[in-house]
Amino acid sequence: MLTAAAVAVAIALSALACWFIVEDRLYQQVRASLSEVPPLPMQQQNVYCATTAAQALALSQAATDRLDGGHPFRPNKWDIQLNTSDGRVCYPLGATKIIQSSPSDLKASTAGNHVSYRDGSYLDGTPAMVRQSSVRIDGSPAVMLVATPVATVQDSLRSLGLILLGVAGLGVIGAGVTGRLVARSALKPVDDLTDVVEHIARTEEVGTTIPVHGNDEIARLSSSFNSMSTALANSRDRQTRLIADAGHELRTPLTSLRTNVDLMIRSDETGRPLPPATRTKLLGNMKAQMQELTVLIGDLLQLSRPDSPKPGQNLAVVALHEIADRAVERARLRGPGLVFDLSIDPWYVHADGAALERAVINLLDNAVKYSPPGGTIQVALHNGRLTVRDHGPGIPADELPYVFDRFWRSPSSRQLPGSGLGLSIVAQTVRDSGGEVSLGAALDGGPGALATVQMPGLPNPPQ
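UniProt numbering puts the first residue of the sequence shown at 1, with every later residue one more than the last.
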């Protein structure tokens with residue numbers, strides 16, 4: 001509809017301009033024809049005057065009839081009439097029609113050397129173009145009116161108007177049909193996109209995509225939608241895997257807890273109390289399993305945060321070197337007998353302090369867990385680069401791509417405590433703070449693994 005309206009306005013303006021131009025050109029030709037009238041003989045015997053136009057015309061026609069051989073004017077082309085200032089009407093030889101006078105004729109008769117054109121008509125109502133010019137008859141001022149019919153010009157203009165109206169109508173209809181076809185073809189990808197969106201809204205089947213053709217705005221919209229749909233599908237898959245993995249990890253300590261509780265309840269119901277040593281061992285196991293559940297639930301809460309925190313949420317300038325010192329002190333308590341080799345320089349970063357400290361603690365816990373008794377753990381922080389090196393068994397090269405996946409645990413370490421979420425939390429926290437983290441073999445080729453965290457910041461606190 002908008003296309004048809006725009007085309008209609010354009011065609012209407014073009015048609016109007018064409019009509020006015022043609023009208024102007026036709027009337028210019030009529031005026032040019034009137035300007036070709038030869039000088040009128042002013043001799044008394046060639047001009048017949050009377051007090052009324054009818055009487056003067058009758059005298060002129062009577063004189064013309066007495067002549068042999070016609071007259072100097074062609075009545076089929078021009079009609080001439082003279083109106084004097086004293087109220088007489090005069091006609092030259094050959095005059096055939098009476099021109100309707102106008103109040104402007106009297107003014108033109110006294111203007112002197114005046115030539116102008118006006119729309120007029122004959123006495124019978126036939127439209128005409130009239131040329132006014134000042135003349136003198138017998139010493140009296142007069143106006144000479146030269147007229148020519150313009151009925152043919154008006155008929156031509158009416159025919160042209162009808163033709164332009166028809167062309168404009170066909171143009172508008174054609175533009176409307178063409179615009180509809182073009183719009184439907186151009187917006188078909190939008191219809192497909194709408195169908196897919198409605199399908200996803202009904203079925204919640206994210207991941208559905210639509211074909212992309214070309215590289216225009218519609219194609220960009222389709223590509224953006226496909227990317228969004230794929231991202232939503234991946235997010236749902238990660239959510240589903242997280243729930244499944246969390247359920248699997250929670251099942252083991254819960255099953256062990258239920259078994260120990262059932263055992264203690266049965267011993268009380270049967271009246272056969274457990275030996276004190278056995279009961280103490282069961283209580284110790286239950287406490288360890290509850291601690292494992294607490295750690296696992298805390299890790300799940302940490303991972304439930306959005307991957308990209310809102311700007312300014314829990315972010316502040318924190319001292320990474322102080323966080324590293326506190327994390328080392330906690331690691332000493334968890335790994336008695338281990339040696340910690342420290343080389344820490346000041347470094348200030350913009351991050352979530354609590355989350356970053358937990359990430360550093362997880363790195364050190366991982367090093368403590370795999371270090372041999374009496375082993376050395378090297379912790380260094382220089383220019384925002386934090387490294388934690390242990391001297392344990394290391395990580396096989398084929399397992400390195402998976403170390404930061406949630407709930408992933410090396411087959412060789414499944415007998416050790418842990419949920420497989422520690423390094424995943426480290427990776428998420430560091431990336432949320434704008435840093436990078438990696439885990440690989442030691443650079444010197446010796447035993448153990450090397451964890452590296454690179455954080456943007458400054459060696460001095462910002463002012």
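Cβ atoms here follow ideal geometry from the backbone N, Cα and C, with glycine treated the same way.
Original post:
What do you reckon, are the CB atoms on S85 and L57 nearer than 9 Å?
Top reply: no
Subject >> Limits of the alpha helix (DSSP H) - the one that Y370 falls within >> reply: Looking at the DSSP string, the run of the alpha helix (DSSP H) that includes Y370 is G353 to Y370.
**OP:** Just confirm the distance between the C-beta atoms of L439 and V379, as a whole number of angstroms; I'd bet it's less than 8 Å.
**Re:** Taking C-beta atoms under 8 Å as the contact rule, L439 and V379 fail to qualify, at a distance of about 15 Å.
Original post:
Where does F340 sit, in a helix, a strand or coil, going by DSSP?
Top reply: strand
Subject >> C-alpha gap between R385 and A427, whole angstroms >> reply: So the alpha carbons of these two residues sit roughly 15 Å apart.
**OP:** Would you grab the beta carbon distance between A449 and I361 for me? Rounded to a whole angstrom, and I think it's under 8 Å.
**Re:** So it is not a contact: roughly 17 Å between Cβ atoms.
**OP:** May I ask you to report which of helix, strand or coil DSSP gives V212?
**Re:** coil
Subject >> Burial state of T178 (16 or more Cβ within 10 Å) >> reply: exposed
Original post:
With respect to the alpha helix (DSSP H) encompassing P461, which residues constitute its N-terminal and C-terminal limits?
Top reply: Segment: none, P461 is in no alpha helix (DSSP H) and carries neither H nor E.
**OP:** Tell me the start and end of each unbroken beta strand (DSSP E) in the segment 93-148 that is at least 3 residues and wholly inside, in chain order.
**Re:** 115-121 and 127-137
Original post:
Is there contact here, the segment 313-322 with the segment 344-351, by at least three beta-carbon pairs under 8 Å?
Top reply: yes
Subject >> Local conformation of H391 per DSSP, three classes >> reply: coil
Original post:
What are the residues that DSSP puts in a beta bridge with Y48?
Top reply: Y91
**OP:** Tell me, please, which residues DSSP counts as bridged to V177.
**Re:** BP columns for V177 are empty, so no partner.
Subject >> Per DSSP, the bridge partner or partners of Q81 >> reply: L145
Original post:
Any idea what DSSP makes of A183, helix, strand or coil?
Top reply: helix
Original post:
What is the DSSP secondary structure of M42, reduced to helix, strand or coil?
Top reply: Unreliable positioning characterises M42 in this predicted model, as indicated by a pLDDT of 47, which lies under 50. A coordinate reading is not provided.
**OP:** Go ahead and label P253 buried or exposed: buried means 16 or more other beta carbons lie within 10 angstroms of its beta carbon, across all protein chains shown.
**Re:** Counting Cβ neighbours within 10 Å, P253 comes out buried, since at least 16 surround it.
**OP:** Look up Y348 in the DSSP assignment and give the residues it is bridged to.
**Re:** A319 and L458
**OP:** Using beta-carbon positions only, say whether I137 and V47 come within less than 9 Å of one another.
**Re:** yes
Subject >> Inter-residue Cα distance where the pair is P336 and P462 >> reply: 37 Å
Subject >> Simplified DSSP state of V190, which is helix, strand or coil >> reply: V190 falls in the helix class under three-state DSSP.
Subject >> Contact between the segment 22-36 and the segment 191-208 (3+ Cβ pairs under 8 Å) >> reply: no
**OP:** In the DSSP assignment, find the alpha helix (DSSP H) that holds G445 and state where it starts and stops.
**Re:** From DSSP, G445 is part of no alpha helix (DSSP H); its letter is neither H nor E.
**OP:** Enumerate in chain order the residues of its own chain whose CB-to-CB distance from F73 is below 7 Å, with the five nearest sequence positions on each side excluded.
**Re:** Confidence at F73 is low in this model, with a pLDDT of 48, below 50, so its placement is unreliable and the value that follows should be read with caution. Around F73: I80, P92 and G94.
**OP:** Give me the Cβ distance between D365 and A324, rounded to the nearest whole Å; I'm assuming they're in contact under 8 Å.
**Re:** About 14 Å; that fails the 8 Å criterion.
Subject >> 6 Å Cβ shell around V135 - same chain, five flanking residues per side excluded >> reply: A142 and M144
Subject >> For P103, the nearest candidate out of K97, D119, C90 and T96 (CA to CA) >> reply: D119
**OP:** Give me the Cα-Cα distance between I11 and Q132, rounded to the nearest whole angstrom.
**Re:** The alpha-carbon of I11 is positioned some 38 Å away from that of Q132.
**OP:** List the DSSP bridge partners of H382.
**Re:** Beta-bridge partners assigned by DSSP to H382: R385.
Original post:
Quick one: what does DSSP say S433 is sitting in, helix, strand or coil?
Top reply: coil
**OP:** Just the C-alpha distance for P373 and G392, rounded to the nearest angstrom, thanks.
**Re:** 10 Å
Subject >> Residues near V146 in its chain [Cβ-Cβ closer than 6 Å; skip 5 each side] >> reply: Taken in chain order, the residues that qualify are L34, V37, W78, I80 and R131.
Original post:
Going straight from the alpha carbon of T240 to that of K281, what length do you get?
Top reply: 37 Å
Original post:
Would you say V212 and S222 are within 9 Å of each other, going by their C-beta atoms?
Top reply: yes
Subject >> For T96 and M42, the rounded distance between their alpha carbons >> reply: Low local confidence applies: a pLDDT of 47 at M42 is under 50, so the model's placement there is unreliable, and no value is given.
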